[in-house]
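Enquirer: Mind looking over this structure? Questions follow.
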Amino acid sequence: MEETKGKQEATKAIHLSGWKLGVVIASLWLGTLLVAIDNTIIGIVVPKISTQFDSLEDVGWYGSSYLLTVTACGPNFGKLFKYFDPKYTYLAAIVGFEVGSVVCAAAPNFSSFIAGRAIAGLLDKRPMFLGIIVSVFGMAMGFGPPLGGAFTDGIGWRWCFWINLPIGGAVIALILLFLTLDGTLNDDRRQTTFSKLKSLDFVGAMLIFGAVCCLLLAVQWGGTKYAWISAPIIGLFVSLGLILIIFIAHQWWQGDKGTIPPRVLRQRPILTRSLFICFSHERWLLR
Numbered sequence: 000m001e002e003t004k005g006k007q008e009a010t011k012a013i014h015l016s017g018w019k020l021g022v023v024i025a026s027l028w029l030g031t032l033l034v035a036i037d038n039t040i041i042g043i044v045v046p047k048i049s050t051q052f053d054s055l056e057d058v059g060w061y062g063s064s065y066l067l068t069v070t071a072c073g074p075n076f077g078k079l080f081k082y083f084d085p086k087y088t089y090l091a092a093i094v095g096f097e098v099g100s101v102v103c104a105a106a107p108n109f110s111s112f113i114a115g116r117a118i119a120g121l122l123d124k125r126p127m128f129l130g131i132i133v134s135v136f137g138m139a140m141g142f143g144p145p146l147g148g149a150f151t152d153g154i155g156w157r158w159c160f161w162i163n164l165p166i167g168g169a170v171i172a173l174i175l176l177f178l179t180l181d182g183t184l185n186d187d188r189r190q191t192t193f194s195k196l197k198s199l200d201f202v203g204a205m206l207i208f209g210a211v212c213c214l215l216l217a218v219q220w221g222g223t224k225y226a227w228i229s230a231p232i233i234g235l236f237v238s239l240g241l242i243l244i245i246f247i248a249h250q251w252w253q254g255d256k257g258t259i260p261p262r263v264l265r266q267r268p269i270l271t272r273s274l275f276i277c278f279s280h281e282r283w284l285l286r
């Protein structure tokens, strides 16, 4: 009887309702808007940034550095919500994004700006709530570019990143004040820190990172810095293929602990939807 009562009290502790639920949903919406504006505004400010830093040949890295860390770390970061308190995991993601935005806004050169973009993508929040993304990104595509143009032509391109600070600060404040979760309710969160970290697929993340780097360098250097049939470009594509083979073998060996569990891809609905999202997102990036 006491055990049942305790479970009921625990359940109440992690379920919000009324205006508090509305505030939390609004904060999650703002957090997604933060990323959506950043993703849609970057294409407008790239010409100004590349001119100021005199780095036109490396312009592809402005957006790719963000997506590189998102691709490599995103799947594992999604697992963190399972093993650690979701509230503070989400707050860590917001803080990481804010730090990356500050580095970009204050960047004195090309390398610092790229580092800031990579930091911002390191703790991407999208694995937590994909459902909110579609509407928010659709809206951000409408006013993100005009906002970027207004900042670039007015007070300067750096404000495209400074603007993230007040929005992120509001999200952090709302989450701290109104979101209450009991991080010990899930059995996975009772594990030791070492066991939790052991459950993450760091090798898979590094393999993804290496594969994407090879692809980006090959596409960026091919036809410009090197000929497409030159040794460096061929070597990058060969390395990409080898890394992908190693990654597939590693995922098969890891099983459910892998970054992409093989049993998930064997489910046709998940596979087809993943391919649809991949190609639709590619179309959005090429706009």
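Sequential numbering of the sequence shown, starting at 0, is according to numbering that gives the first Met the number 0.
Glycine included, each C-beta is placed from N, C-alpha and C at the ideal position.
Fair warning: this is a prediction, and the values are worked out from it, not measured in the lab.
(1) Determine the burial state of Pro268: buried for a count of at least 16 other Cβ atoms within 10 Å of its Cβ, exposed for fewer.
(2) Taking its Cβ as the centre, do 16 or more other Cβ atoms sit within 10 Å of Val263, making it buried, or is it exposed?
(3) Alpha carbon to alpha carbon, how far is Leu175 from Trp18? Give it in angstroms, no decimals.
(4) Return yes when the Cβ of Gly153 is within less than 8 Å of the Cβ of Glu97, no when it is not.
(5) Taking the DSSP output, what are the residues bridged to Tyr225?
(6) Which residue from Tyr87, Val202, Gly147 puts its Cα closest to that of Leu173?
(7) Excluding the 5 residues preceding and the 5 following Leu243 in the sequence, name in chain order all residues of the same chain whose CB lies nearer than 7 Å to its CB.
(8) Of the choices Val22, Val23, Leu20, Ala35, whose alpha-carbon is the least far from that of Cys159?
(9) Distance, Cα to Cα, Ser26 vs Gly203?
(10) Report yes or no: do the region 59-67 and the region 33-48 share at least 3 C-beta pairs separated by less than 8 Å?
(11) Only counting runs of 4 or more residues, tell me where the alpha helix (DSSP H) segments fall wholly within the region 63-101, in order along the chain.
(12) Exposed or buried, which one is Pro46 when buried takes at least 16 other CB atoms within 10 Å?
Expert: On the basis of the data shown:
(1) Result: exposed.
(2) Val263 comes out exposed.
(3) Rounded to whole angstroms, Trp18 to Leu175 spans 15 Å at the Cα level.
(4) No; because the gap between Cβ atoms is not below 8 Å, this pair is not in contact.
(5) DSSP output for Tyr225 lists Gly221 as bridge partner(s).
(6) For Leu173, the nearest C-alpha among the options comes from Tyr87.
(7) Within the same chain, Ala210 come within 7 Å of Leu243 by CB-CB distance, once the 5 residues on both sides are set aside.
(8) When each option's Cα is compared against that of Cys159, the closest is Ala35.
(9) Rounded to the nearest angstrom, the two C-alpha atoms are 32 Å apart.
(10) A contact exists between the region 59-67 and the region 33-48.
(11) The qualifying runs do not exist here; there are none.
(12) The residue in question, Pro46, is exposed, as its Cβ has fewer than 16 Cβ neighbours within 10 Å.
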